[in-house]
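Working notes, structure below.
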Amino acid sequence: MRLAYNTSKDFSAVIKPFVNGVSTDILGNIIAHKQGQGTRIMLIAHHDVVCLMVTYIDDNGFLYVKPSGGIDASLLPARKILIKHEDKLVAGVIGKKPAHFLRDEASSSKIVYEELWVDIGAKNRADATEMVTIGDYAYFSPDYEELSNDLIAGPFFDDNAGLEVLLALAEQLHEVNVPCDVYFVASNYEEIGMRGAIVAAQAIQPDVCICVDVTHATDYPTMNTVCFGDIKLGKGCVLAKGPNVFLSLFDTLRNIAINNDIPYQIEVSPYPTGTDANVIQLASRGIKTAVVSIPCRYMHTPYEVCSKKDIASAVSIIGDYLQS
Ligand SMILES: [Zn+2]
């Protein structure tokens, strides 16, 4: 993975050598354009990540936070986070009362944000406000591991995995004359209601859009595959089928996979997909939209797990589509 922490800045820098131009709009979308003739195709993955915001600093210098995007409060105690203050990163740990002091009822009670505190080592409020301020964003500490069988673990694969697909495609097509006009978009604010994608789709007005995001893998204990489908890591990227997807575009992508022996899986989405495709489909006079997803275990946690093989399968399918 080429992207780790400062996703949006890295995306611009990494994609720049492979395209004709890169621009940023008011919402913070990054739009890289590879000029060509014919169909206007937008590939989109989001660069915003789930994170926290500092909401309060108490007299003793402890910080309180709220989530921006869906983060389960119960996974936060005893975590390290990084608070972005101006251009600095301030380390903090989320406190947890030791087991010695917990009574049975307290140890099993539900964890809520109001009862979590962040310790940055400050002596008091004045000392804390020298380092951070209310409104600062805070992120999971980036700790990456290569697991066995081509699996990778760490935060932000939602949607750095999708951005990785876009970067690999831009690089692959750099010296190739594709029969289309391609926009590689890293959208902003997907996690809080797909806000960036709406604006990007209206501005670009593509003929076709392929949205690349993560989707839930269901191949681990406690998951019910009858309810949530059977999606496994390492078995290929996932093509969504349902009313949020233009059926013949789904068929085209699926046929590319079948004809080229590229592994793929199908996810049935009878409802809006919960990705940028949800709003892009409705932009302009309606846009032909598909969703290609990378399976992900433990989404929105500090250790999301994905497979490099699934990223490669998405690059192969979309790459063949762009060249056909
Ligand atoms: Zn996502």
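Each number in this note's numbering corresponds to the 1-based position in the sequence shown with 929 added. Glycine residues also receive a C-beta, built at the ideal position from the N, C-alpha and C atoms. Everything numeric in this text was worked out from a predicted model, so none of it was measured.
Would DSSP call Val1111 helix, strand or coil? Val1111 falls in the strand class under three-state DSSP.
Answer with buried or exposed for Leu1076, where buried requires no fewer than 16 other C-beta atoms within 10 angstroms of its C-beta. Counting Cβ neighbours within 10 Å, Leu1076 comes out exposed, since fewer than 16 surround it.
Minimum C-alpha distance to Pro1108 - residue among Gly1248, Pro1150, Ser941: Residue Gly1248 is the option with its Cα nearest to Pro1108.
According to DSSP, Met971 sits in a beta bridge with which residue or residues? DSSP, once it has assigned bridges, lists Tyr1112, Cys1138 as partnering Met971.
Rounded distance between the beta-carbons of Cys1235 and Phe1086, thought under 8 Å: Right, the Cβ-Cβ distance comes to about 5 Å (below 8 Å), so this counts as a contact.
Sort out for me which residues DSSP pairs Cys980 with in a bridge. According to DSSP, which records beta bridges pairwise, Cys980 is partnered with Ser997.
Tell me whether Glu1104 sits in a helix, a strand or coil according to DSSP, three-state version. Residue state, collapsed to three classes: coil.
Starting from the C-beta of Ala1206, find all residues in its chain whose C-beta is less than 6 Å away, skip the five residues before and the five after it, and write them out in chain order. Counting only Cβ-Cβ distances below 6 Å, and skipping sequence neighbours, we find Cys1140, Asn1173, Thr1218, Val1220.
What separation, rounded to the nearest whole angstrom, lies between the Cα atoms of Ala1055 and Asn989? If you take the alpha carbons of Ala1055 and Asn989, they lie about 9 Å apart.
Within 8 Å: the Cβ of Glu1120 and any heavy atom of ligand 1? Yes, Cβ of Glu1120 sits closer than 8 Å to a heavy atom of ligand 1.
Per DSSP, what kind of secondary structure is Thr1204 in: helix, strand or coil? Of the three classes helix, strand and coil, the one that applies to Thr1204 here is coil, per DSSP.
Going by the beta-carbon positions, is the gap between Glu1119 and Thr1204 smaller than 9 Å? In contact: Glu1119 and Thr1204 (Cβ atoms closer than 9 Å).
Which parts of the stretch 998–1042 are runs of the beta strand (DSSP E), unbroken and 3 residues or longer, counting only runs that do not cross its ends? Assignment of beta strand (DSSP E) within the stretch 998–1042, counting only whole runs of 3 or more residues, yields 1009–1014, 1017–1023 in chain order.
Can you tell which of Ser941, Pro1199, Asn1053 has its C-alpha closest to the C-alpha of Asp954? Considering only alpha carbons, the answer is Ser941.
Check each residue's C-beta against every heavy atom of ligand 1 and list, in chain order, those closer than 5 Å. Those residues are Asp1087, Asp1088, Asp1142, given in chain order.
Excluding the 5 residues preceding and the 5 following Ile1246 in the sequence, name in chain order all residues of the same chain whose CB lies nearer than 6 Å to its CB. Non-local beta-carbon contacts of Ile1246 in its own chain, meaning distances under 6 Å to residues more than five positions away in sequence, involve Leu1182, Ile1185, Ala1186, Ile1191 in chain order.
Would you give the residue range spanned by the beta strand (DSSP E) that Val1155 belongs to? No beta strand (DSSP E) holds Val1155; the alpha helix (DSSP H) holding it covers 1154–1157.
Using C-beta distances below 7 Å, list every residue in its chain close to Ser1222, excluding the 5 sequence neighbours before and after it, in chain order. Closer than 7 Å at Cβ, skipping near neighbours: Asp1142, Val1143, Thr1144, Cys1166, Val1167, Ala1169, Glu1196.
Using the Cα positions of Tyr1073 and Glu1233, report the straight-line distance between them to the nearest angstrom. Near 10 Å, if we compare the C-alpha coordinates of Glu1233 and Tyr1073.
Which value, in whole angstroms, describes the spacing of the CA atoms of Ile1000 and Asn1106? A direct Cα-to-Cα measurement between Ile1000 and Asn1106 gives close to 42 Å.
Meets three-Cβ-pair contact criterion under 8 Å: the stretch 1040–1057 and the stretch 1208–1218: Too few Cβ pairs lie closer than 8 Å, so no.
Looking at the structure shown, is Gln1194 part of a helix, part of a strand, or coil, going by DSSP? Correct three-state label for Gln1194: strand.
Simplified DSSP state of Gly1165, which is helix, strand or coil: Look at Gly1165 here: in three-state DSSP terms it is coil, with no helix or strand label.
Ala1097 in three-state terms, based on DSSP: Residue state, collapsed to three classes: helix.
Answer with buried or exposed for Phe1157, where buried requires no fewer than 16 other C-beta atoms within 10 angstroms of its C-beta. With fewer than 16 other Cβ atoms within 10 Å, it is exposed.
Tell me whether Asn1184 counts as near ligand 2, meaning its Cβ is closer than 8 Å to at least one heavy atom of that ligand. Only ligand 1 can be found as ligands here, which leaves ligand 2 out of the picture.
Between the C-alpha atoms of Ile1160 and Gln1194, what's the straight-line distance to the nearest angstrom? If I take the Cα positions, the gap works out to 7 Å.
Nearest by alpha-carbon distance to Asn1258: which of Ser1253, Gln1252, Lys1237, Ala1241 is it? The structure shown does not extend to residue 1258, since the chain is modelled only from 930 through 1253, so no value can be given for it.
For Val1274, list the residues DSSP reports as bridge partners. In the structure as shown, the chain begins at 930 and stops at 1253. Residue 1274 is therefore absent and cannot be evaluated.
Just to confirm my understanding: we take His1029, look at its own chain, exclude 5 residues before and 5 after, and list those with CB closer than 6 Å. What are they? The beta carbon of His1029 lies closer than 6 Å to none in the same chain, with the five residues before and after it left out.
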